[in-house]
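Here is the structure we will look at, set down as structure tokens.
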Amino acid sequence: VVGGQPGNSPWTVSIRNRAGAHFCGGSLVREQWVVSTRQCFASCDADLAGYEVQLGTLFKDPRPGDPDQQSIPILRIVCGPSESQLVMLKLARPATLNARVALICLPPERYVVPAGTVCEIAGWGETRGTADGSVLNVARLPVMAHEECNAALRGRLREGELCTAPLHAGVGACEGDYGGPLACLTADCWVLEGVITPSRVCARTDQPALFIRVSLYVDWVHKVMRM
Amino acid sequence: HRSPLNDFQRLRATELLPVPAEPPVPAERGPAELCARRCAASLPCRAFHHDRQSQLCQLLPWTQHSPHVRLQRNIHYDLYQKKEFLRDCIVGDGTSYRGTRDTTERGLRCQPWRATTPHDHRFLPSPRNGLEENFCRNPDRDKRGPWCYTVDPNTRHQSCGIKQCEDAVCMTCNGEDYRGSVDHTESGIECQRWDLQHPHTHPYHPHKYPDKGLDDNYCRNPDGSERPWCYTTDPGQERGYCRIRLCKKRPRALNVTTGCFRGKGEGYRGRVNVTVSGIPCQRWDAQAPHQHLFVPEKYPCKDLRENYCRNPDGSEAPWCFTARPTVRVAFCFHIRRCPDELGAEGEPPAPTRGVPAGCQPGASAPCLASDCYHGHGERYRGHVSKTRKGITCQPWAAQAPHVPQISPATHPEAHLEENYCRNPDNDSHGPWCYTMDPRTPFDYCAIKPCLARPQLAPTLPADAVAFERCGQRDERLQLKGR
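Given below as structure tokens:
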């Protein structure tokens, strides 16, 4: 996260490859389910043996024996509706919820976040020198109205995307944050309104940042967990 | 420090059964290494089962190449078979070869060793010398390897031409796909089994890398090294390269892409050369600011040109070393993935085609179009019966491989015929089905909507929303974190 600061986002998980290296983020929506983005995974049938999620720690690479750290193998990947670019990861066992690990709420179906709502992104990705890259960083971004964003992007905005407004000081997601949450506070609960998607540039000051609009796919998320 | 298991080849979750069935072989308790030691010391023993749960082992006088046996899946058993009975290549002069090759290098059939016609000879079978049937053997340590007497009266004996293991299977590129049976380094040290952590501990657990072929103690290249290698049984030398012949044939062309990448992007040959945060990539032929082993000349198939994002080591996606000393590598996830190439059964989806009148939203007649759907596709009555990944749909009335929550009985109005894609629960993402893949309970079908439709709803008032058991955090930790 560029322009963020160390913070607490207990639903943000680190996805680790077989070498134990962080490569993408995700959000814990149920004890055994994480939502992330398709871009991070080789295929919808990928054999993820040896891949894990790490939760409960603010550190990107905690020292062995960190009492709060949970590492849980990934059992399976399920790809979302084709245009969604979402994936769900089933964990080999449920995460233990505590002060450091919590579930993020899913939005109501097709819910539209009001423009101006201030939301948070979180991740262990690149900070471009703006913060400590060894810990979880959090940054706040205001949601932009769909029409206004579409105009700024000259009509290229898709319905399944959600925008946050560009800030004068560069603030935004960067490499390593992909798949992580855009969490917005609604009715006193943090809700997964967006998923961070890869972009060509980090924290642009002249253009809105795009996220996958989760509310359009929340029925699919529930169906996958149910079935 | 060598393990007695090094003489054995393991098949996980497999049992070897005689046909017809015989009374079970008595079992003894012990870890697999102890079973291996017992089997190695026993002349008739050629293989053993090891039950991982109960730690019981059964020594067996046959292998999968013996007559009247069959392999059967058994999740409790691992089957270990002596390598010398399974290999179709030789080590050294091949005196230990116990395979089943029974023709010579010129195609002549071998004479059984117990026979003395057409050629009389002195190499008669005994329990110890391995002269079985008419299989090629090397009882006199012939330098040309295993041989046999032939059934041709004019040719007394001939070499069988069995290749050295180093030459039997060649490798392409850097040998990532090598699955041959060389199990020594080029300096002659025996390899450590990948499934053991001694004498060297290592991260390459075979179950973590199912696609890397980390079988037994064979040379492999799971990490994008220059060529296949192994950990050694010498505590003083952690790992060593293996000598394996390079194939003369050109390797098959990768699925090359330039504007996007597929899978892990090993075939990406585009020109993106900067990380998403704007750091230029380091040239592959440079060793500064980061020293590395991915020298272009040593990776001829990887196209390590200039400073372009590439994936020479099977990582998640194309990547590069960066020009910033503090950031060694960065994934190039900002290169987009190529769209999945999926189409409906028969014809490709064509949203712009003419639509039968019955398909119009609100029409009373059922929609019979099979090439696209209206609305959510709840009135779709076409015959597409495969998912977007091409998996065959499970019949709606079937109970396997998935026990359905929705069936013709629960949704009699939904026209759940055969295994055709339908949308009985008004899923907003279109027709779907249960699938015949046990790992995929349901998936959407390869049918597209006939028209794009607006999906966004007006903003709900915040007080109309309620959540349970989620979205709460200890705000004090936030401050503490800072």
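In order, the protein sequence lines correspond to chains A and B.
The first sequence begins at 1 in the working numbering and counts up by one.
The second sequence begins at 1001 in the working numbering and counts up by one.
Just so you know, even glycine gets a beta-carbon here, dropped at the ideal spot from N, CA and C.
By the criterion of a C-beta distance shorter than 7 Å, Ile-1391 of chain B is surrounded in its chain by Thr-1435, Met-1436, Asp-1437, Thr-1440 and Asp-1443, once the five residues flanking it on both sides are discounted. Here Leu-216 of chain A carries a helix assignment [DSSP, helix/strand/coil]. The DSSP-derived three-state label of Ser-84 of chain A is helix. A direct Cα-Cα distance of roughly 8 Å separates Lys-1212 of chain B from Arg-1220 of chain B. Chain order gives no chain A residues near Glu-1084 of chain B, where near means a beta carbon separation below 9 Å; the closest approach is about 31 Å. For Leu-1086 of chain B, the enclosing alpha helix (DSSP H) covers residues 1083-1086. Considering only A:Glu-31, A:Ser-27, A:Asn-17 and A:Arg-76, the residue with the shortest C-alpha distance to Asp-61 of chain A is A:Asn-17. His-1202 of chain B counts as exposed, since fewer than 16 other C-beta atoms from the protein chains shown sit within 10 angstroms of its C-beta. Each residue's CA atom was taken as its position, placing Pro-1024 of chain B and Met-1171 of chain B some 42 Å apart. If you draw a straight line from the Cα of Tyr-1080 of chain B to the Cα of Asp-1051 of chain B, it is about 11 Å long. For Glu-126 of chain A, the chain B residues whose C-beta falls within less than 8 Å of its own C-beta are Thr-1275, Val-1276, Ser-1277, Val-1327 and Ala-1330, listed in chain order.
Non-local beta-carbon contacts of Ala-152 of chain A in its own chain, meaning distances under 6 Å to residues more than five positions away in sequence, involve Pro-208 in chain order. Taking a Cβ-Cβ threshold of 8 Å, the residues of chain B close to Ala-19 of chain A are Pro-1203, in chain order. Between the C-alpha atoms of Thr-1155 of chain B and Asp-1102 of chain B there is a straight-line separation of about 15 Å. Using a CB distance below 9 Å, the part of the segment 169-202 of chain A facing chain B consists of Cys-174, Glu-175, Gly-176, Tyr-178, Ala-183, Leu-185, Thr-186, Ala-187, Asp-188, Cys-189, Trp-190, Val-191, Leu-192, Pro-198, Ser-199, Arg-200, Val-201 and Cys-202, ordered along the chain. Contact check between the segment 1295-1314 of chain B and the segment 1230-1238 of chain B: fewer than three CB pairs, one atom from each, fall below 8 Å, which does not count as touching. The beta carbon of Thr-1258 of chain B sits closer than 6 Å to those of Arg-1269 and Gly-1270, all from its chain and outside the five residues before and after it, given in chain order. Look at Ala-151 of chain A here: in three-state DSSP terms it is helix. Contacts with chain A at 8 Å (Cβ-Cβ) do not include His-1376 of chain B. Excluding five sequence positions before and after Pro-1044 of chain B, the CB atoms of its chain that fall closer than 7 Å to its own CB belong to Pro-1061, given in chain order. Proximity of Ala-1466 of chain B to chain A, defined by a Cβ-Cβ separation below 8 Å, is satisfied.
Taken through DSSP and simplified to helix, strand or coil, Asn-1273 of chain B comes out as coil. In this structure, DSSP gives Met-227 of chain A a state outside helix and strand, which the three-state scheme calls coil.
Contact between Leu-103 of chain A and Tyr-217 of chain A fails: their C-beta atoms lie close to 17 Å from each other, not under 8 Å. The Cβ atoms of Leu-192 of chain A and Leu-55 of chain A do not sit closer than 8 Å to each other. DSSP places Ala-1041 of chain B inside the alpha helix (DSSP H), whose first and last residues are 1032-1041. Note that the C-beta distance between Glu-1468 of chain B and Asn-1426 of chain B is not below 8 Å.
Within the same chain, Cβ atoms closer than 7 Å to the Cβ of Ala-46 of chain A are found at Ile-77, the five residues on either side in sequence being excluded. When Cβ-Cβ separations below 8 Å define contact, Asp-1474 of chain B makes contact with chain A. Excluding the 5 residues flanking it on each side, Val-1091 of chain B has same chain C-beta neighbours closer than 7 Å at Cys-1165, in chain order.
When DSSP reads this structure, Val-1169 of chain B sits in no beta bridge, so it has no partner.
Residue range 52-55 is occupied by the beta strand (DSSP E) that includes Gln-54 of chain A.
With respect to chain B, the C-beta atom of Ile-74 of chain A has no partner C-beta closer than 8 Å. Secondary structure note for Gln-70 of chain A: its beta strand (DSSP E) is the uninterrupted segment 70-79. When only Cα atoms are considered, Ala-1021 of chain B and Tyr-1178 of chain B end up about 37 Å apart. Residue burial annotation: Pro-1412 of chain B is exposed, with fewer than 16 other C-beta atoms found within 10 angstroms of its C-beta.
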